[in-house]
Amino acid sequence: MAQKYKRLKNSELLILNQKNNKETTHEGKFELIDSIACKIDVLSQIEDNFFVETTLSLLNDKQKTVVSAIILEGFTEKEIAVLLNISQPAVNKIKYRALKRLRKQLQQ
1 MAQKYKRLKN SELLILNQKN NKETTHEGKF ELIDSIACKI DVLSQIEDNF FVETTLSLLN
61 DKQKTVVSAI ILEGFTEKEI AVLLNISQPA VNKIKYRALK RLRKQLQQ
């Protein structure tokens, strides 16, 4: 999941930094397919974000912090342990219980 968000963010940055060649080739007109593809990407991103937020709402605050840091942001358990001032095994236990809770909820 962290890789997906990094890839999406890098893609968006590349797109924003590029010159718009469509203005010179199509005289300022955008094709309908470009507009539709953009809307589909935005909708799927909104759906993904909504799913992630809804899923994380099933967890307590500490579990949310640990799971989002590991899965969404790509931190290691050791890095999170230092940030939260707890041991690495405690982070592992929090992650394990959170994922177990999520699995149980998603299977219902």
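In terms of the working numbering, the numbers along the sequence shown are unbroken and rise by one, the last being 108. Where is the CB? At the ideal position from N, CA and C, for every residue including glycine.
- For a cut-off of 8 Å, the C-beta gap from Val66 to Lys95 is around 5 Å, short enough to register as a contact.
- Beyond the five residues adjoining it in sequence on each side, Leu56 comes within less than 6 Å, by CB distance, of Lys64 in the same chain, given in chain order.
- For Thr65, the enclosing alpha helix (DSSP H) stretches over residues 61–67.
- Residue environment: Ile46 is assigned as exposed (fewer than 16 neighbouring CB atoms within 10 Å of its CB, all protein chains considered).
- Going by beta carbons, Glu73 and Gln88 fall outside the 9 Å limit.
- DSSP places Glu73 outside both helix and strand once states are collapsed to three, so it counts as coil.
- With contacts defined as CB atoms closer than 9 Å, Leu58 and Gln105 qualify as a contacting pair.
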